[in-house]
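Enquirer:
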Amino acid sequence: MPVQSYLEESLVPLLQQGCCMIAERRPDDPVEDLANYLFHMDPKSPRNVIRFEEERRAKELADAEAAAEEGADRKSVKKKSSIKSAKSKKKK
1 MPVQSYLEES LVPLLQQGCC MIAERRPDDP VEDLANYLFH MDPKSPRNVI RFEEERRAKE
61 LADAEAAAEE GADRKSVKKK SSIKSAKSKK KK
């Protein structure tokens, strides 16, 4: 993998997030805060692997629940539509 591709994939996104955090917080020592951010957000650090996996699973669960809720809402709309259709057929 070329150096530029490696940096773009592994470092740039993390640096962008860290720099955004620095811009929002405007700490007295931005270099130290960025270093701490990078240290705590390192996806390959053993302590973070578990945390990131838990966050990924929680997101998947939330997405699945949202999809299930959306599916239930669609069924409810279809049921109401079919009831209205049946009522209008009875009137004729």
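Okay, so the sequence shown: first residue is 1 according to full-length UniProt numbering, each after it adds one. All C-beta atoms, glycine included, are put in the ideal place defined by N, C-alpha and C. All values reported here derive from a predicted model rather than from experimental measurement.
1) Taking all protein chains shown into account, decide if Y6 is buried (16 or more other Cβ within 10 angstroms of its Cβ) or exposed.
2) Might you give, ordered along the chain, the residues of its own chain that have their beta carbon closer than 7 Å to the beta carbon of D42, omitting 5 neighbours on each side?
3) Taking all protein chains shown into account, decide if G71 is buried (16 or more other Cβ within 10 angstroms of its Cβ) or exposed.
4) Mapping the DSSP letters down to three states, classify P30 as helix, strand or coil.
5) Quick one: give me the first and last residue of the alpha helix (DSSP H) that S10 is part of.
6) Which whole-angstrom value is the C-beta distance of I22 and L34, which I expect to be below 8 Å?
7) Quick check: what's the CA-CA separation for E32 versus A68?
8) Which of the three DSSP states is assigned to K44 in this structure?
Expert: Reading from the atomic positions:
1) So Y6 counts as exposed.
2) Its chain contains N48 as the residues whose beta carbon lies nearer than 7 Å to that of D42, once the 5 sequence neighbours on both sides are disregarded; these appear in chain order.
3) Exposed is the call here.
4) Correct three-state label for P30: helix.
5) Counting along the chain, the alpha helix (DSSP H) containing S10 begins and ends at V3 to S10.
6) About 6 Å separates the CB atoms of I22 and L34; that is less than 8 Å, so the two are in contact.
7) Spanning the alpha carbons of E32 and A68 requires a straight line of approximately 44 Å.
8) K44 falls in the coil class under three-state DSSP.
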